[in-house]
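Take a look at the structure below.
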Amino acid sequence: QVQLVESGGGLVQAGGSLRLSCAASGRTFSSYPMGWFRQAPGKEREFVAYISSSSRTTRYADSVKGRFTISRDNAKNTVYLQMNNLKPEDTAVYYCAAYLSGATPNYWGQGTQVTVSS
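All the letters of the sequence shown, read from the start, carry residue numbers 1486 to 1603 under this note's numbering.
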C-alpha cells in the first residue's frame, strides 16, 4: 500500500507560478516512479509529467513542456511539480500517482485544485 497526499494548489493569475508537493508513505519511495496527472471540469484525466525512481528520466505532456518541471526528493519521500507561466487552460485538479508495477499508476492521491485566472 502507498498513501499519497498532495498540497500546494491554489488560485493564481495567468503567468504566475505554483509548486505542488506530494508526500508518499507506505513503501520504499525511492524504488518506484512517480507521476502527475490532471483533470479539468468535463474532461478526462490526462498525463502531465513522469519521473523515474532515480530521477534519471523525466517525461512531459507537450502542453506543459518548458513550463512545468517534475522533481523528487527521495530522502523526503516527496515529489514536486513546479509550474511556471501558468495559463487558464492549466486549471484542473492535479493528482500525483505512484507506478509500483507496469506502465499504469497503481496508487493516486486525493488531488489538489489549481485555478488560473485570466
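Glycine included, each C-beta is placed from N, C-alpha and C at the ideal position.
Residue i versus residue j - alpha carbon distance
i            : j            : result
residue 1431 : residue 1505 : Lying before the first or after the last residue shown, residue 1431 is absent from the chain, which here runs from 1486 to 1603.
residue 1512 : residue 1535 : 18 Å
residue 1558 : residue 1507 : 10 Å
residue 1514 : residue 1538 : 8 Å
residue 1580 : residue 1519 : 11 Å
residue 1583 : residue 1517 : 7 Å
residue 1553 : residue 1561 : 21 Å
residue 1527 : residue 1492 : 23 Å
residue 1587 : residue 1488 : 18 Å
residue 1540 : residue 1510 : 18 Å
Proximity to residue i [Cα-Cα], best of the options
i            : options                : result
residue 1600 : 1562, 1580, 1571       : 1571
residue 1486 : 1597, 1590, 1576       : 1590
residue 1573 : 1541, 1603, 1509, 1510 : 1603
residue 1498 : 1551, 1575, 1588, 1587 : 1575
Rounded distance between the beta-carbons of residue j and residue i, thought under 8 Å
i            : j            : result
residue 1568 : residue 1503 : 5 Å
residue 1549 : residue 1533 : 6 Å
residue 1598 : residue 1494 : 5 Å
Beta-bridge pairing of residue i - partner residues as DSSP gives them
i            : result
residue 1540 : Its beta-bridge partners do not exist; DSSP assigns none.
residue 1523 : 1531, 1579
residue 1553 : 1568
residue 1598 : 1578
residue 1498 : 1602
Beta-carbon gap between residue i and residue j smaller than 8 Å
i            : j            : result
residue 1529 : residue 1546 : no
residue 1555 : residue 1542 : no
residue 1524 : residue 1578 : yes
residue 1566 : residue 1521 : yes
8 Å Cβ cutoff, residue i in contact with chain C
i            : result
residue 1572 : The structure shown contains no chain C; it holds only a single protein chain.
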